[in-house]
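**Q** Each number in the numbering used here corresponds to the 1-based position in the sequence shown with 1 added.
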Amino acid sequence: MPRPYKIDCYPPTPKTMHQIIDDTLGINLLHANQEDADHNRAHFDAWGITCLNLMSSPGAGKTALLEKTLASLTDDLSIAVIEGDMTTELDADRLRQYGVPVIAINTGRACHLDARMVAGGIHTLSHEHTPQDLDMVIVENVGNLVCPAEFEVGEHAKVALLSVTEGEDKPLKYPVMFREADVLLITKIDLAPYLDVDLARIEANVRQINPHVTVIPVSAKSGEGLEDWFDWVRSAVKSPELTSA
Numbered sequence: 002m003p004r005p006y007k008i009d010c011y012p013p014t015p016k017t018m019h020q021i022i023d024d025t026l027g028i029n030l031l032h033a034n035q036e037d038a039d040h041n042r043a044h045f046d047a048w049g050i051t052c053l054n055l056m057s058s059p060g061a062g063k064t065a066l067l068e069k070t071l072a073s074l075t076d077d078l079s080i081a082v083i084e085g086d087m088t089t090e091l092d093a094d095r096l097r098q099y100g101v102p103v104i105a106i107n108t109g110r111a112c113h114l115d116a117r118m119v120a121g122g123i124h125t126l127s128h129e130h131t132p133q134d135l136d137m138v139i140v141e142n143v144g145n146l147v148c149p150a151e152f153e154v155g156e157h158a159k160v161a162l163l164s165v166t167e168g169e170d171k172p173l174k175y176p177v178m179f180r181e182a183d184v185l186l187i188t189k190i191d192l193a194p195y196l197d198v199d200l201a202r203i204e205a206n207v208r209q210i211n212p213h214v215t216v217i218p219v220s221a222k223s224g225e226g227l228e229d230w231f232d233w234v235r236s237a238v239k240s241p242e243l244t245s246a
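(1) What does Ser164 pair with, by DSSP beta-bridge criteria?
(2) Can you tell me whether DSSP reads Gly226 as helix, strand or coil?
(3) I'd like to know whether the C-beta atoms of Ile1 and Met118 end up nearer to each other than 7 Å.
(4) Leaving aside the five residues before and after Asp115 along the sequence, list all residues of the same chain whose C-beta is less than 6 Å from its C-beta, in chain order.
(5) Smallest Cα separation from Asn54: which of His40, His32, Asp39 and Glu141?
(6) Which value, in whole angstroms, describes the spacing of the CA atoms of Val82 and Ala201?
(7) Mind checking who Pro218 pairs with in its DSSP beta bridge?
(8) In chain order, what residues of the same chain lie with their CB nearer than 7 Å to the CB of Ile139, ignoring the 5 residues before and after it?
(9) I need the straight-line Cα distance from Val238 to Leu71, nearest angstrom please.
(10) On the premise that Val143 lies in contact with Gly224, defined as a C-beta separation below 8 Å, what is that separation, rounded to the nearest angstrom?
(11) Which word fits Thr88, buried or exposed, when buried means at least 16 other C-beta atoms lie within 10 angstroms of its C-beta?
(12) Hey, out of Glu36, Ala61, Leu30 and Arg180, whose CA is closest to Leu163's CA?
(13) Straight-line CA distance for Glu36 to Glu204?
(14) Only counting the same chain, and skipping five residues up and downstream in sequence, which positions put a Cβ closer than 7 Å to that of Thr166?
(15) Tell me which residues share the same chain as Asp77 and place their Cβ nearer than 8 Å to its Cβ, disregarding the 5 neighbours each side in the sequence.
(16) For Ser155, which of helix, strand or coil comes out of DSSP?
(17) Quick check on Cys112: does DSSP put it in helix, strand or coil?
(18) Work out the CA separation of Ile217 and Phe179 for me, nearest whole Å.
(19) When you compare the CB of Ala111 with every CB in chain C, is at least one pair closer than 7 Å?
(20) Compare the beta carbon distance of Asp92 and Thr64 with 7 Å and say whether it is the shorter of the two.
(21) Who are the Cβ neighbours of Pro194 in its own chain at under 7 Å, not counting the five residues just before and after it?
(22) Could you give the residue range of the beta strand (DSSP E) that holds Asp86?
(23) Hey, how far is the Cα of Leu135 from the Cα of Glu228?
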């Protein structure tokens with residue numbers, strides 16, 4: 002079993018986190034992050050690694066999806082995970098059971114991973130493993146429906162998850178993540194018969210925001226739709242410069 006790797010980040014104090022910042026400062030922060038993200042992507046490209054950024058609200062099923070993905074694909078693909086959480090390594094420990102490199106990043110109060118945090122994970126990965134032997138790095142971002150979509154980490158594609166339990170209107174109320182996504186996984190569809198929810202309406206609302214996004218309904222519990230997701234992952238490894246289907 003691989004060693005557990007952990008990176009602790011030191012976020013701003015609560016006071017600075019809640020200060021109102023002007024537009025110029027916000028643009029500068031995003032510009033600096035983009036430079037770091039481009040640097041991370043250059044490393045991935047040099048190593049021949051495809052990087053995915055998994056984003057969703059808390060509880061949408063990112064870790065459960067990753068468990069199924071690692072169980073099914075690691076015989077064919079060499080995958081490492083950079084696992085972001087505000088505290089604890091509970092999710093990272095779940096994924097380490099699949100025998101893959103898992104680097105945990107605890108962000109403290111920060112509600113997302115940024116490119117510099119992920120650069121620390123890449124640094125650890127490159128010193129403890131041979132990155133050229135990897136096919137894919139999956140970044141599991143902190144559970145948050147807004148912030149992760151605004152800060153690139155060096156990924157080749159963004160994967161958004163939306164659980165049926167969250168309702169049909171979330172793409173319209175929180176459009177940034179769904180606008181940026183290359184693929185949307187509608188998760189926990191095994192629960193749909195017990196909820197007042199319409200999968201077709203969820204997809205229609207998403208396509209108002211992002212007409213070309215690939216939509217894959219899945220259930221990690223029943224297995225429905227997972228083969229479509231696995232096929233998408235395999236195609237992503239073959240073609241890192243992804244475009245929405």
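Every residue gets a Cβ at the ideal spot worked out from N, C-alpha and C, and that includes glycine.
**A** Answer, in terms of the structure:
(1) Per DSSP, the beta bridge partners of Ser164 are Thr188.
(2) When secondary structure is reduced to three states using DSSP, Gly226 falls in the coil class, being assigned neither helix nor strand.
(3) Lying before the first or after the last residue shown, residue 1 is absent from the chain, which here runs from 2 to 246.
(4) Around Asp115: Asn34 and Phe152.
(5) Taking Asn54 as reference, the option from His40, His32, Asp39 and Glu141 with the minimal CA-CA separation is Glu141.
(6) Going from the Cα of Val82 to the Cα of Ala201 covers about 32 Å.
(7) Answer is Ile187.
(8) These residues qualify, in order along the chain: Leu53, Leu55, Leu67, Ile80 and Val82.
(9) The alpha-carbon atoms of Val238 and Leu71 are separated by roughly 14 Å.
(10) Actually they do not touch by this definition, with Cβ atoms about 27 Å apart.
(11) Per the 10 Å Cβ criterion, exposed.
(12) Residue Ala61 is the option with its Cα nearest to Leu163.
(13) Glu36 and Glu204: Cα-Cα distance of roughly 33 Å.
(14) Closer than 7 Å at the Cβ level, and outside the excluded window around Thr166, lie Lys189, Leu192 and Leu196.
(15) Same-chain partners within the cutoff: Arg235.
(16) Checking the displayed sequence, the identity of residue 155 turns out to be Gly instead of Ser. If DSSP states are grouped into helix, strand and coil, Gly155 belongs with coil.
(17) Coil, per DSSP.
(18) Distance between the alpha carbons of Phe179 and Ile217 is about 13 Å.
(19) Among the protein chains of the structure shown there is no chain C, as only one such chain exists.
(20) Yes, these two residues count as a Cβ contact at 7 Å.
(21) There are no such residues.
(22) Run containing Asp86: Ile80 to Asp86, per the beta strand (DSSP E) assignment.
(23) CA-to-CA, the gap between Leu135 and Glu228 works out to about 22 Å.
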